[in-house]
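Participant: Before I ask anything, here is the structure I am working with.
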Amino acid sequence: MRASSLLINTTRERPAEAELTSHALMLRAGMLRQLASGIFSWLPLGLRTVRRIEQIVREEMNRAGAAEIMMPAVQPAELWQESGRWQIYGPELLRLEDRHGRAYCVGPTHEEVVTDIARACVRSWRQLPCNLYQIQTKFRDEVRPRFGVMRSREFVMKDAYSFDADAAGAKRSYQIMRDAYVRIFDRIGLDYRVVEADVGAIGGSFSEEFLALADCGEAVIGYTDGDYATNLEQVPCSPPAAAQRPDPGEKMEEFATPGVATIDELDQFVGGIDPGRSIKTMIVTGEAGSAALILPGNAELSLAKASRLEQVGFGAALAEDDFVRKTVGAGFGSLGPVGMSLPVIADASLASAADFFCGANRDGYHLRGVNFGRDLPEPRFADLRMAVAGEVAPDGRPLKLRRGIEVGQIFNLGTKYSQAMAARIEGDDNVLRPMVMGCYGIGITRIVAAAIEQFNDEAGIVFPESIAPFIVAVLPLGKSPEVMQAAESLYAALNESGIDCLLEDRGLRAGAAFADLDLLGIPHRLVVSERSLAAGKVEHKARHTGAVSMLEMADAPAQVRAMLAAKKP
RNA sequence: CGGGGUAUGGCGCAGUCUGGUAGCGCGCCUGCUUCGGGAGCAGGAGGUCGUGAGUUCAAAUCUCGCUACCCCGACCA
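Heads up, the first sequence is in the numbering used here, so the first residue is 388 and it goes up one at a time.
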């Protein structure tokens with residue numbers, strides 16, 4: 388392509404609305420334009436990178452035996468009512484009506500539609516396993532979109548769905564997808580980790596996330612120098628050293644703590660509490676009900692772990708202020724397990740706690756000298772807290788933390804949707820059973836942002852060859868016909884040899900052209916000038932390393948090809 | 001949904017307190033000179049100042065309402 392036809396629109400200044408480096412660079416490079424909150428247009432350069440990512444994904448999905456389909460973005464409410472999600476999905480689902488007053492939604496995901504296809508089209512177990520995928524625009528009405536395409540409302544996703552006759556088959560399909568994902572992210576060149584993840588509301592038995600490492604990521608990975616890596620909220624905490632619980636040494640007494648609402652304030656107020664002896668109480672509500680969870684004052688609650696409690700159930704969230712006030716009779720900051728009407732579940736690390744401090748369930752008061760078994764019933768203990776850096780991970784090594792951007796997630800779904808929507812198949816034993824499903828997502832547009840977050844420098848984007856909008860840019864310097872002619876034929880030769888090439892034909896001055904090409908992140912730059920042309924050569928510069936070398940003009944396409952080939956694994 | 005902020009040309013901003021000619025930088029157009037790391041000079045185009053009402057002789061500026069966008073929090077298969 389010629390730069391003159393690409394509507395290249397770079398800016399020197401960093402746009403005010405961009406928080407993240409990647410977002411700012413995408414806007415500066417003219418890849419993207421925001422239309423409304425969380426809704427973007429992709430401009431020619433940006434779209435080329437999107438398409439290159441799609442192509443890698445498509446090739447690997449096809450290689451893995453998945454078949455591409457295209458499902459509608461707008462979906463009838465009936466299907467969602469059938470799966471039950473019309474009621475439970477919440478405001479993130481964009482709902483609308485057609486002219487006849489019939490209800491629809493803009494698809495945030497496609498389990499319902501694909502299950503409908505499978506139940507109609509899969510007629511024999513002999514057609515299984517079956518894996519259908521699409522690359523398509525999704526819409527999720529996020530409360531607060533942010534960080535450009537990192538968390539947008541409309542985005543491009545590859546979603547795949549596998550159907551198997553039984554659990555063993557589903558497990559094989561899952562593994563095939565997992566392998567495909569590893570190939571995809573390796574080919575793109577992202578620095579990423581595969582971590583065990585929460586199955587969340589989508590249900591199912593097992594899930595892993597693919598996280599691109601980046602400080603701006605919203606997920607935290609707990610990992611070790613060994614193979615261990617899990618989403619932090621799922622990392623099992625090392626069991627407490629089996630200390631004997633000391634006998635109660637103090638009498639329980641209530642004392643006034645005006646204005647004290649946090650553990651830190653309590654600590655200050657009392658004048659220093661042993662970390663193990665202050666307890667915080669959090670009221671959590673999920674699908675199954677509410678419970679009072681107590682944790683050491685310095686620990687953080689994992690809502691994912693709370694969701695696994697039978698008393699709480701899926702979707703655990705901190706209870707509303709009103710609910711707490713009505714149930715307990717006190718507000719946040721004065722809650723405690725003594726005399727609590729809700730089930731009390733204690734973090735395992737509290738098993739040996741004695742003579743502790745906690746809220747009194749009366750505003751402005753706390754209790755001291757509280758002991759399990761004496762002042763309140765012996766609670767049930769469970770692993771509730773978020774693991775912290777340095778503690779012993781399940782593989783015995785010290786736990787480390789790193790942030791990551793979720794670029795893919797794969798689920799073993801089980802029969803949640805096939806059961807609800809009667810997507811059944813008769814086995815070779817003449818018994819009708821729901822198909823066992825898996826679903827597999829990749830955030831195509833989010834990968835663009837994640838990659839730029841990983842690959843940039845002061846001058847701009849440093850795209851890997853895998854997803855760069857162009858592999859090579861040919862830049863003629865000077866206006867002589869000879870230079871233009873040489874640049875044109877070099878451009879043609881490169882294209883002919885199958886290398887995606889940009890001809891920088893906008894007639895920019897050298898400095899401006901260099902700056903633009905650096906900003907756009909094109910991996911290889913070939914400069915044709917009168918100087919080099921006189922020697923029959925062309926100057927090559929690698930964006931990644933900055934290394935400059937002179938190539939024989941006639942030989943340049945072959946040499947560039949060789950450089951590309953050398954990098955392939 | 002709670003808290004904070006912003007809205008002036010394609011982009012970044014000043015002007016608002018103290019009402020009176022809409023301004024600067026980048027970019028864009030024309031010309032001349034220049035031409036290997038964002039050139040110089042000269043000339044020029046482009047804005048119903050988010051929106052609706054009000055106050056006033058007069059509103060970007062003051063008052064009230066609305067909307068959009070950004071940030072923090074909550075939320076997020």
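For every residue, glycine included, the Cβ atom is placed at its ideal position computed from N, Cα and C.
For M937, count neighbouring C-beta atoms within 10 Å of its own C-beta (all shown protein chains included) and say buried if the count is 16 or more, exposed if not.
Facilitator: Here residue 937 is taken as the residue at index 550 of the first sequence, counted from 1. Exposed.
Participant: Where F656 and R755 are concerned, what is the direct C-alpha to C-alpha distance, given to the nearest angstrom?
Facilitator: Here residue 656 refers to the residue found at position 269 when the first sequence is read from its first residue. Here residue 755 refers to the residue found at position 368 when the first sequence is read from its first residue. Near 13 Å, if we compare the C-alpha coordinates of R755 and F656.
Participant: Check S665 in the structure and name its three-state DSSP category.
Facilitator: Indexing the first sequence from 1 puts residue 665 at position 278. Strand, per DSSP.
Participant: Kindly indicate the opening and closing residues of the beta strand (DSSP E) around F542.
Facilitator: Counted from its first residue, the first sequence places residue 542 at position 155. Start and end: E541 to D551.
Participant: Kindly indicate which three-state DSSP category S594 falls into: helix, strand or coil?
Facilitator: Residue 594 sits at position 207 when you count from the first residue of the first sequence. Of the three classes helix, strand and coil, the one that applies to S594 here is strand, per DSSP.
Participant: Where do the N-terminal and C-terminal ends of the alpha helix (DSSP H) with E498 fall, by residue?
Facilitator: The sequence position of residue 498 within the first sequence is 111, counting from 1. Its alpha helix (DSSP H) spans residues E498 to C508.
Participant: Under 7 Å: does the beta carbon of L688 sit that close to some heavy atom of the ligand ZN?
Facilitator: No copy of the ligand ZN occurs in the structure displayed, which carries no ligand at all.
Participant: Looking at C-alpha atoms only, which residue of D553, T932 and M544 is the closest neighbour of F850?
Facilitator: Here the question's residue 850 lines up with position 463 in the first sequence. Of D553, T932 and M544, the residue nearest in Cα terms is T932.
Participant: Using the three-state DSSP reduction, which class does K638 fall into: helix, strand or coil?
Facilitator: The sequence position of residue 638 within the first sequence is 251, counting from 1. Correct three-state label for K638: coil.
Participant: Should V530 be labelled buried (16 or more other beta-carbon atoms within 10 Å of its own) or exposed?
Facilitator: The count along the first sequence starts at 1 and reaches residue 530 at position 143. With fewer than 16 Cβ atoms within 10 Å of its Cβ, V530 is classed as exposed.
Participant: Output needed for L690: all residues of its chain with C-beta closer than 6 Å, excluding positions within five of it in sequence on either side, in chain order.
Facilitator: Here residue 690 corresponds to residue number 303 of the first sequence, with the count starting at 1. If we look at L690 and ignore the five residues flanking it on each side, its Cβ neighbours are A703.
Participant: Is it true that the stretch 799–817 meets the stretch 624–632, where meeting means three or more beta-carbon pairs spaced less than 8 Å apart?
Facilitator: Touching, no, given that fewer than three Cβ pairs across the two stretches are closer than 8 Å.
Participant: Going straight from the alpha carbon of R513 to that of F550, what length do you get?
Facilitator: As a working mapping, residue 513 is identified with position 126 in the first sequence. As a working mapping, residue 550 is identified with position 163 in the first sequence. Roughly 12 Å between the two C-alpha positions.
Participant: Kindly indicate the opening and closing residues of the alpha helix (DSSP H) around T524.
Facilitator: Taking the first residue of the first sequence as position 1, residue 524 is located at position 137. Note, T524: premise wrong, no alpha helix (DSSP H); beta strand (DSSP E) at C517 to F526.
Participant: Starting from the N-terminal side, write out each stretch of the beta strand (DSSP E) that is 3 residues or longer and does not extend beyond the stretch 655–706.
Facilitator: Here the runs fully enclosed are 666–672 and 677–683.
Participant: Can you check the stretch 868–954 for any beta strand (DSSP E) of at least 3 residues that lies completely inside it and give the ranges in chain order?
Facilitator: Runs found: 888–890, 911–916, 924–929 and 935–939.
Participant: Give the C-beta separation of L466 and V500 to the nearest angstrom, bearing in mind that I take them to be a contact with Cβ-Cβ under 8 Å.
Facilitator: Against the first sequence, residue 466 aligns to sequence position 79. Against the first sequence, residue 500 aligns to sequence position 113. With 8 Å as the limit, L466 and V500 qualify as a contact, their Cβ atoms being about 7 Å apart.
Participant: Pick helix, strand or coil for H487, following the three-state DSSP scheme.
Facilitator: Walking along the first sequence from the start, residue 487 turns up at place 100. If DSSP states are grouped into helix, strand and coil, H487 belongs with coil.
Participant: Give me the Cβ distance between H753 and T644, rounded to the nearest whole Å; I'm assuming they're in contact under 8 Å.
Facilitator: Looking up residue 753 in the first sequence gives position 366. Looking up residue 644 in the first sequence gives position 257. So it is a contact: roughly 5 Å between Cβ atoms.
Participant: When the Cβ atoms of the stretch 856–876 are set against those of the stretch 913–926, are three or more pairs found closer than 8 Å?
Facilitator: The stretch 856–876 is in contact with the stretch 913–926.
Participant: In whole angstroms, what separates the C-alpha of P730 from that of F710?
Facilitator: As a position in the first sequence, residue 730 is number 343, starting the count at 1. As a position in the first sequence, residue 710 is number 323, starting the count at 1. Going by the C-alpha atoms only, they are around 15 Å apart.
Participant: Taking the alpha carbon of I681 as the reference point, which residue from M639, A738 and P633 has its own alpha carbon closest?
Facilitator: Within the first sequence, residue 681 is the residue found at index 294, counting from 1. Comparing Cα-Cα distances from I681 to each of M639, A738 and P633, the minimum goes to A738.
Participant: If you compare alpha carbons, which of I522, F534 and T408 is closest to Q421?
Facilitator: Translated into positions along the first sequence, residue 421 becomes position 34. Selected option, being the one with the closest Cα: F534.
Participant: Output the distance between the C-alpha atoms of W473 and A464, rounded to the nearest integer angstrom.
Facilitator: Here residue 473 refers to the residue found at position 86 when the first sequence is read from its first residue. Here residue 464 refers to the residue found at position 77 when the first sequence is read from its first residue. So the alpha carbons of these two residues sit roughly 7 Å apart.
Participant: Below 8 Å on the Cβ atoms is my contact criterion, and I expect V536 with L419 to pass it. Report the Cβ-Cβ distance as a whole number of Å.
Facilitator: Along the first sequence, one-based indexing puts residue 536 at 149. Along the first sequence, one-based indexing puts residue 419 at 32. Correct: roughly 7 Å between the Cβ atoms.
Participant: If you compare alpha carbons, which of E637, M413 and C826 is closest to T802?
Facilitator: Counted from its first residue, the first sequence places residue 802 at position 415. Nearest of E637, M413 and C826 to T802, Cα basis: C826.
Participant: Using only the alpha-carbon positions, how far apart do E869 and A921 sit?
Facilitator: The sequence position of residue 869 within the first sequence is 482, counting from 1. The sequence position of residue 921 within the first sequence is 534, counting from 1. Near 10 Å, if we compare the C-alpha coordinates of A921 and E869.
Participant: Going by DSSP in three states, G830 sits in which element: helix, strand or coil?
Facilitator: One-based indexing of the first sequence puts residue 830 at position 443. Here G830 sits in strand by DSSP.
Participant: Any idea if G658 is buried or exposed, counting beta-carbon neighbours within 10 angstroms, 16 or more meaning buried?
Facilitator: Against the first sequence, residue 658 aligns to sequence position 271. With fewer than 16 other Cβ atoms within 10 Å, it is exposed.
Participant: Considering T617, what are the terminal residues of the beta strand (DSSP E) in which it resides?
Facilitator: Against the first sequence, residue 617 aligns to sequence position 230. Segment A616 to N618, the beta strand (DSSP E) holding T617.
Participant: Is it the case that the stretch 664–683 contacts the stretch 693–701, given that we only count it when at least three CB pairs across the two stretches are under 8 Å?
Facilitator: Yes, the stretch 693–701 touches the stretch 664–683.
Participant: So what's R531 in DSSP terms, helix, strand or just coil?
Facilitator: As a working mapping, residue 531 is identified with position 144 in the first sequence. Three-state result, R531: coil.
Participant: If you draw a straight line from the alpha carbon of Q462 to that of D585, how long is it in whole angstroms?
Facilitator: Position 75 of the first sequence, counted from the first residue, corresponds to residue 462. Position 198 of the first sequence, counted from the first residue, corresponds to residue 585. Cα to Cα, Q462 sits roughly 27 Å from D585.
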